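Report on the following structure.
Protein chains: 2
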Amino acid sequence: MNYSDNYNPSLSDTKIFNDIVKEKESIGYYNLVNQDTTPFKKYAKTVKQKDVVVIGIGGSTLGTYAIYKFLKHSKKLKKKLHFLETTDPIDIEAKLEGINLEDTLFIIISKSGTTVETISIFKYINSLVKIDKSNTVVVTEFDSKLNAYAQIHQMRRFEIPKDVGGRFSVFSAVGLLPLAIVGINIDDILAGARKMHDSFFSKGTSYSTLLKKARFFVEYKNKFNINVLFSYSSRLEGFNKWYIQLWGESLGKIDVNNSHQGLTPIGIVGPIDQHSFLQLVIQGKRDKTLTVVKVKDFEKPLKIAPITLEGLEELDYLNDLEFSKLINMQADATIEAINNEKDIPCDVITIDSVCESAISGLMYEYELLTSLCAKFMYIDAYNQPGVESGKIILKNKFKK
Amino acid sequence: MNYSDNYNPSLSDTKIFNDIVKEKESIGYYNLVNQDTTPFKKYAKTVKQKDVVVIGIGGSTLGTYAIYKFLKHSKKLKKKLHFLETTDPIDIEAKLEGINLEDTLFIIISKSGTTVETISIFKYINSLVKIDKSNTVVVTEFDSKLNAYAQIHQMRRFEIPKDVGGRFSVFSAVGLLPLAIVGINIDDILAGARKMHDSFFSKGTSYSTLLKKARFFVEYKNKFNINVLFSYSSRLEGFNKWYIQLWGESLGKIDVNNSHQGLTPIGIVGPIDQHSFLQLVIQGKRDKTLTVVKVKDFEKPLKIAPITLEGLEELDYLNDLEFSKLINMQADATIEAINNEKDIPCDVITIDSVCESAISGLMYEYELLTSLCAKFMYIDAYNQPGVESGKIILKNKFKK
Numbered sequence: 321m322n323y324s325d326n327y328n329p330s331l332s333d334t335k336i337f338n339d340i341v342k343e344k345e346s347i348g349y350y351n352l353v354n355q356d357t358t359p360f361k362k363y364a365k366t367v368k369q370k371d372v373v374v375i376g377i378g379g380s381t382l383g384t385y386a387i388y389k390f391l392k393h394s395k396k397l398k399k400k401l402h403f404l405e406t407t408d409p410i411d412i413e414a415k416l417e418g419i420n421l422e423d424t425l426f427i428i429i430s431k432s433g434t435t436v437e438t439i440s441i442f443k444y445i446n447s448l449v450k451i452d453k454s455n456t457v458v459v460t461e462f463d464s465k466l467n468a469y470a471q472i473h474q475m476r477r478f479e480i481p482k483d484v485g486g487r488f489s490v491f492s493a494v495g496l497l498p499l500a501i502v503g504i505n506i507d508d509i510l511a512g513a514r515k516m517h518d519s520f521f522s523k524g525t526s527y528s529t530l531l532k533k534a535r536f537f538v539e540y541k542n543k544f545n546i547n548v549l550f551s552y553s554s555r556l557e558g559f560n561k562w563y564i565q566l567w568g569e570s571l572g573k574i575d576v577n578n579s580h581q582g583l584t585p586i587g588i589v590g591p592i593d594q595h596s597f598l599q600l601v602i603q604g605k606r607d608k609t610l611t612v613v614k615v616k617d618f619e620k621p622l623k624i625a626p627i628t629l630e631g632l633e634e635l636d637y638l639n640d641l642e643f644s645k646l647i648n649m650q651a652d653a654t655i656e657a658i659n660n661e662k663d664i665p666c667d668v669i670t671i672d673s674v675c676e677s678a679i680s681g682l683m684y685e686y687e688l689l690t691s692l693c694a695k696f697m698y699i700d701a702y703n704q705p706g707v708e709s710g711k712i713i714l715k716n717k718f719k720k
Numbered sequence: 321m322n323y324s325d326n327y328n329p330s331l332s333d334t335k336i337f338n339d340i341v342k343e344k345e346s347i348g349y350y351n352l353v354n355q356d357t358t359p360f361k362k363y364a365k366t367v368k369q370k371d372v373v374v375i376g377i378g379g380s381t382l383g384t385y386a387i388y389k390f391l392k393h394s395k396k397l398k399k400k401l402h403f404l405e406t407t408d409p410i411d412i413e414a415k416l417e418g419i420n421l422e423d424t425l426f427i428i429i430s431k432s433g434t435t436v437e438t439i440s441i442f443k444y445i446n447s448l449v450k451i452d453k454s455n456t457v458v459v460t461e462f463d464s465k466l467n468a469y470a471q472i473h474q475m476r477r478f479e480i481p482k483d484v485g486g487r488f489s490v491f492s493a494v495g496l497l498p499l500a501i502v503g504i505n506i507d508d509i510l511a512g513a514r515k516m517h518d519s520f521f522s523k524g525t526s527y528s529t530l531l532k533k534a535r536f537f538v539e540y541k542n543k544f545n546i547n548v549l550f551s552y553s554s555r556l557e558g559f560n561k562w563y564i565q566l567w568g569e570s571l572g573k574i575d576v577n578n579s580h581q582g583l584t585p586i587g588i589v590g591p592i593d594q595h596s597f598l599q600l601v602i603q604g605k606r607d608k609t610l611t612v613v614k615v616k617d618f619e620k621p622l623k624i625a626p627i628t629l630e631g632l633e634e635l636d637y638l639n640d641l642e643f644s645k646l647i648n649m650q651a652d653a654t655i656e657a658i659n660n661e662k663d664i665p666c667d668v669i670t671i672d673s674v675c676e677s678a679i680s681g682l683m684y685e686y687e688l689l690t691s692l693c694a695k696f697m698y699i700d701a702y703n704q705p706g707v708e709s710g711k712i713i714l715k716n717k718f719k720k
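As structure tokens, this is what we get:
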């Protein structure tokens, strides 16, 4: 008897881990945790403008927005960050309202340097305010055309390393520069990510947690093709959006066997989406895994007033309760309801508080998880060939 | 030979339509298009406060937010609408910042009258500002406990009809009252919905379009279990969120054959999510349908400045282009790229402009589509038994 096959080899945890260790030599995001942050902090100190406008889209903004949205209220930042991302004219106009463009720093971020949305908006801004090296800085690859433009105008330039993909770039200049400028502690940001890095690569807790999770997601990808991230804080809404890009764009690929693969990310927010999406999770088709993210301590003493509303006495059990406690009780009740169903895969991540290292650790964990899933799926997490065709079609429309 | 089965009967378009016509007698949302709006407009004229805070969650806020977000910038409204929805203490604090509570009207909206989030937040507000009939109005069922409270305090009350479910309530007092107060033309809102109602029930264009679409979604629900709504305007972000509740909570059910059913809604925004989710649609698993929503005319003359950026000459083809045109070209390029794949079901809805009747027509169309899908799926679109268990678990946590 003769037998041959074209199957790919089965994957042990050890093989996957070794592949990741090897990949670390050529994929830059893994190593951003150890970079020198001095240039960002030094530049940040020189910025006098009150408003900071990031012009970018996708990977150039989502990670920064996630961290900014999570921290901005708790940290009482002195400068405001704005994001111009879309070509929707009403949105552009609405976002610019109330910003004094004469007292604004513009950060133009584009890895390729020729992103249509980014350059279109930047040209529009040029028609509203004088753009020069005093109010504009550029973040791009060292040899991009945007870099050439900035060089001609002697603008300050920060580099996105070639081997760091857009959606994995939050811990490069893309995220660290604007965050440092508005007053977020970027060393704490990196420290949180580094802790997760070390835990994984030294085969600590994160090693086994993440491998188990990635293996589960991939093994059951045809049954559970949807991964729901249920974040119990409105402050994590930006994180949800970042996760959707990271997960969707990294894992939606044609695999080595030429088969369409993909795990579909959904981000929802608790308790709001208990009144929107939870019914579908509990009674709907069994096609979803659920990851609940909780914040242990919101560090806000807001309390429900201990008053009785006539007619509504039955709700007096809420009296004197801290909202921070209530929202976590709501999360726990949801988790219990899910677990009672017995056939909805669910895990829970609890971060300690609303601080820099908590959000960066969570984000680095998701980057690792994404890389691991891609390895299990025999796909390349770092390219995005599927969006090229639309870009070419758009360009051709102009040639007509 | 003997044969018997317990299958449900097969469903013709005529049967489904007749079922909907019959349902119209007991399900109230269908008929909201013909109601008298005088009480809302009359009350709106008496409101002196500059800020209006809606306290509610889920169906009590999502529809209103969808319309408000779509129109607020274009209509230059004189009053501002805010939404207090969540028990996240940071979010509550952040949203109240910058609002003068002494010059604010509070609209408390809860169908049941005992929603935990709503009453908790309302109690908290009671500890910040004196609440009485001069600054508070209530929207609830006529016999709820919240109604009793309002009655005791002689507060103005507006009714949510018993036969109108929360997620189908946007065209009741729930949406019309706050929208009228901030200056949106609610007669135009109803006119847009009514036009869609008439087109469907007189078996006009919408009849065949919607039946075809619903039948397709349900027939292929096991292959395409995810329905992506790709809205090409950031102004439609609220509409996406409303759609997610409507679709998820109505269609995620256990059917008449005791089987878990559900179509999973995803809302994304173009062109932003071309840089986030599109890769997954194009190359990922073939488990998604795509509906693209376009806005024909943004009525904003914003243009890309006709300047050359040295080094970036290759992008000069964008010069002098209106953003309104660019974003629609981007949508068309995406649609073309999707259609080139040949195996991704895709339809396109184009609304005329950023006006009241456009958004309400679109929303009513989605309400009808949801009802139709539910009929094809042998489920009840209007209940939500799956979320009750979590509520009971939460309540029990307080008894311990």
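Chains as they are written, first to last, in the working numbering: chain U, 321 to 720; chain Y, 321 to 720. Where is the CB? At the ideal position from N, CA and C, for every residue including glycine. This structure is a prediction, so every number in the text was calculated from the model and none was measured.
Give me, in chain order, the residues of the same chain whose beta-carbon lies closer than 6 Å to that of residue i; leave out the 5 immediate sequence neighbours on both sides.
i: Val-353 of chain Y; result: Leu-510, Ala-513, Arg-514 and His-517
i: Gly-379 of chain U; result: Gly-486, Arg-487 and Ser-489
i: Leu-721 of chain Y; result: Because chain Y in this structure spans residues 321 to 720, residue 721 of chain Y falls outside the shown range and cannot be described.
i: Ile-427 of chain Y; result: Val-374, Val-457 and Pro-498
Residues of chain Y with CB closer than 7 Å to the CB of residue i, please, in chain order.
i: Ser-489 of chain U; result: Under the 7 Å cutoff, chain Y gives no residues; its nearest Cβ is about 12 Å from Ser-489 of chain U.
i: Ser-554 of chain U; result: Thr-406, Asp-408 and Asp-411
i: Glu-437 of chain U; result: Pro-591
Is residue i buried or exposed, if buried means 16 or more other CB atoms sit within 10 Å of its CB?
i: Ala-332 of chain Y; result: The sequence given here has Ser at residue 332 of chain Y, not Ala. So Ser-332 of chain Y counts as exposed.
i: Ser-519 of chain U; result: buried
i: Met-321 of chain U; result: exposed
i: Arg-487 of chain U; result: buried
i: Pro-705 of chain Y; result: exposed
i: Asn-467 of chain Y; result: buried
i: Thr-690 of chain Y; result: buried
i: Val-436 of chain U; result: buried
i: Val-576 of chain U; result: exposed
i: Glu-345 of chain Y; result: exposed
i: Gly-524 of chain U; result: exposed
Determine the contact status of residue i and residue j, defining contact as a CB-CB distance below 8 Å.
i: Thr-438 of chain U; j: Val-373 of chain U; result: no
i: Gly-587 of chain Y; j: Tyr-552 of chain Y; result: no
i: Leu-566 of chain U; j: Tyr-698 of chain U; result: no
i: Lys-399 of chain Y; j: Val-494 of chain Y; result: no
i: Lys-695 of chain U; j: Ile-336 of chain U; result: yes
i: Ile-602 of chain U; j: Val-707 of chain Y; result: yes
i: Ile-655 of chain U; j: Asp-483 of chain U; result: no
i: Phe-550 of chain Y; j: Thr-609 of chain Y; result: no
i: Asn-660 of chain U; j: Cys-666 of chain U; result: no
i: Leu-622 of chain Y; j: Phe-643 of chain Y; result: yes
Cβ closer than 9 Å: which chain Y residues qualify as neighbours of residue i?
i: Asn-446 of chain U; result: Ala-625, Ile-627 and Leu-629
i: Ile-428 of chain U; result: Neighbours of Ile-428 of chain U on chain Y: none; closest Cβ ~10 Å, over 9 Å.
i: Met-683 of chain U; result: Within chain Y, no residue comes near Met-683 of chain U; the closest Cβ sits about 15 Å away, beyond 9 Å.
i: Gly-378 of chain U; result: Ile-592, Asp-593, Gln-594, His-595 and Ser-596
i: Glu-345 of chain U; result: None at all; the shortest Cβ gap to chain Y is about 25 Å.
i: Ala-386 of chain U; result: Within 9 Å Cβ-Cβ: nothing; Ala-386 of chain U doesn't reach chain Y, min ~12 Å.
So which residues on chain Y does residue i lean against when the C-beta distance must stay under 8 Å?
i: Arg-772 of chain U; result: Because chain U in this structure spans residues 321 to 720, residue 772 of chain U falls outside the shown range and cannot be described.
i: Lys-620 of chain U; result: Pro-409, Ile-410 and Glu-413
i: Ser-394 of chain U; result: Ile-410
Who are the neighbours of residue i on chain U, taking C-beta pairs under 7 Å?
i: Gln-599 of chain Y; result: Gly-568, Glu-569, Gly-572, Gln-704, Gly-706 and Val-707
i: Leu-646 of chain Y; result: Thr-407 and Ser-440
i: Tyr-469 of chain Y; result: Leu-629, Glu-630, Gly-631 and Leu-632
i: Ile-669 of chain Y; result: None at all; the shortest Cβ gap to chain U is about 17 Å.
Within the same chain, show all residues whose beta-carbon is closer than 7 Å to that of residue i, passing over the 5 residues directly before and after it, in chain order.
i: Ser-430 of chain Y; result: Gly-376, Ser-380, Thr-438, Thr-460 and Leu-466
i: His-473 of chain Y; result: Asp-452 and Lys-453
i: Ala-470 of chain Y; result: Val-458 and Arg-477
Entirely within the segment 646-718 of chain Y and at least 4 residues each: give me those alpha helix (DSSP H) ranges in chain order. Counting whole runs of 4 or more residues, the segment 646-718 of chain Y contains the alpha helix (DSSP H) stretches 676-696.
Residue ranges of each alpha helix (DSSP H) within the segment 583-633 of chain Y, 4 or longer: Within the segment 583-633 of chain Y, the complete alpha helix (DSSP H) runs of at least 4 residues are 598-603.
Which runs of the beta strand (DSSP E) spanning at least 3 residues fall entirely within the segment 499-564 of chain Y, listed in chain order? Correct list: 546-551.
Quick one: which unbroken beta strand (DSSP E) runs of 3-plus residues sit fully inside the segment 325-376 of chain Y? Chain order, please. Restricting attention to beta strand (DSSP E) runs no shorter than 3 residues, the segment 325-376 of chain Y encloses them at 371-375, ordered along the chain.
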